[in-house]
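Protein chains in written order, with the numbering used here: chain A, 639 to 794; chain B, 639 to 794; chain C, 639 to 794; chain D, 639 to 794.
Protein chains: 4
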Amino acid sequence: MSTICETTLRVRYAETDQMAVVYHSNYIIWFEVGRVELLRQLGFSYLEMEQDGLNLPVVEVKCRYRHPARYDDEIVIRTRLSQMRTSLLGFHYELLRKADGRLLAEGESVHLVVGRDMKRTHLTGKYLAAFHAAAEVAQLATHAEAQAATQAETKS
Amino acid sequence: MSTICETTLRVRYAETDQMAVVYHSNYIIWFEVGRVELLRQLGFSYLEMEQDGLNLPVVEVKCRYRHPARYDDEIVIRTRLSQMRTSLLGFHYELLRKADGRLLAEGESVHLVVGRDMKRTHLTGKYLAAFHAAAEVAQLATHAEAQAATQAETKS
Amino acid sequence: MSTICETTLRVRYAETDQMAVVYHSNYIIWFEVGRVELLRQLGFSYLEMEQDGLNLPVVEVKCRYRHPARYDDEIVIRTRLSQMRTSLLGFHYELLRKADGRLLAEGESVHLVVGRDMKRTHLTGKYLAAFHAAAEVAQLATHAEAQAATQAETKS
Amino acid sequence: MSTICETTLRVRYAETDQMAVVYHSNYIIWFEVGRVELLRQLGFSYLEMEQDGLNLPVVEVKCRYRHPARYDDEIVIRTRLSQMRTSLLGFHYELLRKADGRLLAEGESVHLVVGRDMKRTHLTGKYLAAFHAAAEVAQLATHAEAQAATQAETKS
């Protein structure tokens with residue numbers, strides 16, 4: 639299993655602004671595109687997760703902008719799992735210009751795992767298995783470490 | 639009761655494109671801003687309507703663009719009810735530049751009245767009364783004409 | 639040369655609204671995606687056109703919504719040239735759900751041909767040739783008819 | 639001079655997603671709304687700055703989401719200058735639900751000061767004076783400290 643998912647999209651005119659570059663909030667939407675394709679590569683869709691009562695609302699997002707993306711550029715989104723705790727997932731993104739491989743931006747998003755009632759819950763079944771496998775390949779903190787971290791977090 | 643609702647908004651940088659004008663799909667979102675304020679002027683919010691199980695999905699929209707809106711412009715949205723049938727509402731919009739009153743764009747949207755199941759339904763109670771009053775003031779086709787029109791439409 | 643361009647995109651979460659369908663202004667952005675790919679199929683990019691000093695601002699857009707597009711749906715955009723006059727182009731769009739071919743929406747956009755100064759101008763060179771060829775294949779009004787129509791329009 | 643600017647906006651339907659909350663990238667656009675109003679409070683508009691050849695492209699943005707904003711909520715955006723160096727400005731944002739004052743999200747954006755050529759430049763004249771005054775009231779690092787910091791940053 640590859641730990642990194644690569645997806646490509648093309649910049650829409652609607653995404654540019656009058657500085658003739660992509661308006662910065664659109665990169666956050668592109669993160670979503672990358673994340674959703676990473677899940678598909680793990681063997682399921684985010685749609686399925688929602689239908690199974692699991693949502694991943696964003697609790698934190700950051701992005702560092704290095705070079706502007708421009709209209710009609712093809713953008714490669716490289717997404718990987720960067721954090722996994724009992725009810726929290728983190729993803730890391732790199733946005734590259736396809737033409738020359740230049741890194742345009744990078745960022746991270748952190749998501750809670752919640753149920754239909756929007757309360758914290760745990761990943762289970764195939765979702766837990768898939769994320770767990772991805773976390774192992776990515777050599778993220780082991781489950782034991784994650785549990786310890788989560789417990790510490792819950793106390794604070 | 640005034641038949642026309644005027645609301646003002648300011649163009650966001652995010653709404654511009656690299657032609658240094660507002661990207662055209664944003665006008666459609668501004669129509670929504672105007673429509674929602676017209677409802678509030680009629681005595682209720684669209685939020686309330688939804689909570690009462692009534693939705694107004696768009697079935698048709700058109701917009702004619704006359705002069706570009708630009709960054710930081712204040713835009714006046716003039717909205718009025720333009721059609722009212724048993725389970726269909728139409729709204730008309732004019733977008734003006736506040737600084738000089740110039741008409742930038744005008745358009746129309748047509749909405750079905752549906753219930754929580756997304757099936758056609760009828761306006762009732764205070765919603766029916768308010769739209770009916772607005773239709774009368776705006777001198778739209780009378781209820782009888784509207785019913786006839788709706789029946790003809792249903793047959794076709 | 640095919641007169642119809644088909645492109646596919648996948649609905650983003652960002653494009654949905656709380657009715658759990660795609661918010662209607664996004665279809666207008668998808669029209670742009672289709673239009674841009676039609677140009678590419680004609681042998682050039684809209685980016686090139688802009689760099690050559692030709693812009694195609696939208697002067698009119700309409701959309702009829704038949705069935706909602708939903709999150710993660712793959713959408714096929716079928717775009718064709720629908721009008722061609724000296725300094726005006728029209729495009730027609732059909733949006734279909736890829737899974738079952740169902741028509742979700744259709745619409746049209748009309749564009750002026752303008753120069754860097756945003757004043758009306760004429761298509762020239764390879765752009766004129768390509769659109770002309772597309773218009774012929776699509777059996778749009780002949781150039782003579784178009785000229786007559788444009789003259790009439792200019793007088794009014 | 640107040641160091642904090644408060645602006646209010648109302649959540650648009652277009653900004654919601656199918657989780658029935660505001661889609662997270664929209665908060666980044668709201669940051670822009672707050673920032674632009676802070677500048678206006680400082681005595682000029684961002685439009686003027688651009689016309690005078692100064693742009694403030696975003697180089698970093700982060701947002702922490704605490705409670706969801708919902709359709710039709712009125713949102714108060716509290717913006718303040720949080721960093722000021724020779725060619726770099728930082729802004730801090732708090733988004734509160736107007737109805738009960740609850741903090742929904744907070745974040746920061748960092749901006750380069752660039753000229754028309756998109757190369758780093760310095761604030762000058764009234765812009766420098768206004769930001770400097772705001773930085774003093776906000777008790778940010780003094781100009782001397784800022785210069786030292788900028789020099790250190792440039793070397794690294």
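Note that CB positions come from ideal geometry on N, CA and C, so glycine has one too. Just so it is clear, the structure is predicted and the values come from calculations on it, not from any experiment.
Taking CB atoms only, D/Glu670 has a neighbour in chain B less than 7 angstroms away. With its beta carbon at least 7 angstroms from every one in chain D, B/Tyr661 lies outside the interface. Interface with chain A (7 angstroms Cβ-Cβ cutoff): D/Ile715 is excluded.
Listed as beta-bridge partners of C/Gln721 by DSSP are C/Gly728. Excluding its 5 nearest sequence neighbours in each direction, C/Val696 has C-beta neighbours in its own chain below 8 angstroms: Ser747, Val748 and His749, listed in chain order. For A/Ala707, the nearest beta carbon of chain C is not closer than 7 angstroms to its own beta carbon. C-alpha of D/Ala768 to C-alpha of C/Asp711: approximately 50 angstroms in a straight line. In the three-state scheme derived from DSSP, where H, G and I count as helix and E and B as strand, B/Ala743 is classed as strand. Residues of chain C whose Cβ lies closer than 7 angstroms to the Cβ of B/Glu712 do not exist, since the nearest Cβ in that chain is about 21 angstroms away. Taking C-alpha positions only, A/Leu680 is separated from D/Arg718 by approximately 42 angstroms. Contact check for B/Gln656 against A/Ala658 passes: the beta carbons are separated by less than 7 angstroms.
Identification of chain A residues near C/Ile667 by a Cβ-Cβ cut-off of 7 angstroms yields Arg650 and Ala652, ordered along the chain. In the three-state DSSP reduction, C/Val696 falls in the strand class (E or B). Under the Cβ distance rule, C/Ser747 does not count among the residues neighbouring chain A, no pair being separated by less than 7 angstroms.
Under DSSP, A/Leu761 shares a beta bridge with no residue.
By the Cβ criterion, the region 666–678 of chain D is in contact with the region 645–652 of chain B, since at least three pairs of Cβ atoms, one from each stretch, lie closer than 8 angstroms. In the three-state reduction of the DSSP assignment, B/Val751 falls in the coil class, being assigned neither a helical nor a strand state. Here the alpha carbon of D/Met687 sits roughly 8 angstroms from the alpha carbon of D/Tyr765. Any Cβ of chain B closer than 7 angstroms to the Cβ of A/Gln656 would place that residue at the interface, and such an atom is present. Assignment of A/Arg678 by DSSP, reduced to helix, strand and coil, places it in the helix class. Within 8 angstroms of the CB of D/Val775, no CB atom of chain A is found; the nearest one sits about 27 angstroms away. When only Cα atoms are considered, A/Leu741 and A/Arg735 end up about 7 angstroms apart.
Per DSSP, A/Tyr684 has no beta bridge partner at all. In this structure, the beta-carbon distance from A/Leu733 to A/Ala743 falls below 7 angstroms. Rounded to whole angstroms, the Cβ separation of A/Thr645 and A/Ile715 is 5 angstroms, and the two are in contact under 8 angstroms. Look at B/Arg708 here: in three-state DSSP terms it is coil, with no helix or strand label. Contact of A/Leu685 with chain C by beta-carbon distance below 7 angstroms involves Tyr709 and Asp710. The continuous stretches of beta strand (DSSP E) do not include C/Glu653, and DSSP gives it neither H nor E. For B/Leu778, there is no enclosing beta strand (DSSP E), as DSSP gives it neither H nor E.
In terms of Cβ geometry, D/Ala737 and D/Val660 do not form a close pair [threshold 7 angstroms].
Excluding five sequence positions before and after A/Gln721, the CB atoms of its chain that fall closer than 6 angstroms to its own CB belong to Gly728, given in chain order. Straight-line measurement puts the Cα of B/Asn664 at about 13 angstroms from the Cα of B/Tyr731. The beta carbon of B/Val697 falls within 7 angstroms of a beta carbon belonging to chain C, placing the residue at that interface.
An exposed status is given to D/Gly739, since fewer than 16 other beta-carbon atoms sit within 10 Å of its beta-carbon. The Cβ atoms of A/Ser725 and A/Arg754 lie no closer than 7 angstroms to each other. In terms of beta-carbon proximity, A/Lys700 lines the interface with chain D, with at least one pair separated by less than 7 angstroms.
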